[in-house]
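Residue numbering for the sequence shown follows the numbering used here, starting at 20 and increasing by one per position.
Just so it is clear, CB atoms sit at the ideal spot from N, CA and C, and this is done for glycine as well.
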Amino acid sequence: MNAPTKLVEVLPQTVEFKLDGRAIHAFEGETILKAAKRHGVDIPHLCYKDGYRADGNCRVCVVEVKGERTLAPSCCRSATAGMDVQANSERAVKSQKMVLEMLLSDMPDKGYKFNDAGLDSPHADVG
20 MNAPTKLVEV LPQTVEFKLD GRAIHAFEGE TILKAAKRHG VDIPHLCYKD
70 GYRADGNCRV CVVEVKGERT LAPSCCRSAT AGMDVQANSE RAVKSQKMVL
120 EMLLSDMPDK GYKFNDAGLD SPHADVG
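Pasting the structure below:
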């Protein structure tokens, strides 16, 4: 005989942290970049793409984490409970702009198309 089965929905664990002064929730192990995106906060990025391993190579997505000396790449940094993150701080935005400027200075003037390479445009909204 078959006994009736009751399905139970299992919800992922979440952590609460601050992003630009606003309390938001991230799934356990979720990156700052993904959590920000889900909550409508745009953090510029180039090398991160869904389905690829996040390495933080381009450094365009850096954010300031309270209590830490260095800026952190949001594409490969997991959100933790109580973390205080500033994506739009003066320091983070200056770094984002500087990285974009350096990357663009090394680009050919003609013939290169970002969409053909599967990358987002470096002319993202920064600051």
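Inter-residue Cα distance where the pair is residue i and residue j
i, j, result
"His-44", "Pro-23", "35 Å"
"Ala-91", "Pro-31", "25 Å"
"Val-60", "Leu-52", "9 Å"
"Glu-109", "Val-81", "12 Å"
"Phe-46", "Ala-98", "8 Å"
"His-64", "Lys-129", "22 Å"
"Glu-87", "Asp-39", "16 Å"
"Ala-54", "Asn-21", "42 Å"
"Lys-85", "Asn-107", "13 Å"
"Gly-48", "Gln-115", "24 Å"
Neighbour-count burial assignment, residue i, 16 or more Cβ in a 10 Å radius
i, result
"Met-117", "exposed"
"His-58", "exposed"
"Thr-89", "exposed"
"Glu-35", "exposed"
"Val-27", "exposed"
"Ala-42", "exposed"
"Ala-100", "exposed"
"Met-126", "exposed"
"Glu-120", "exposed"
Run of the beta strand (DSSP E) containing residue i, from where it starts to where it stops
i, result
"Ala-54", "Careful: Ala-54 lies outside any beta strand (DSSP E), inside the alpha helix (DSSP H) at 51-57."
Beta bridge counterpart(s) of residue i as assigned by DSSP
i, result
"Arg-72", "None, per the DSSP bridge assignment."
"Leu-38", "Arg-41 and Val-104"
"Glu-83", "Gln-105"
"Ser-97", "Thr-50"
"Ala-91", "Val-82"
Span of the alpha helix (DSSP H) around residue i
i, result
"Leu-65", "Per DSSP, Leu-65 belongs to no alpha helix (DSSP H) and is neither H nor E."
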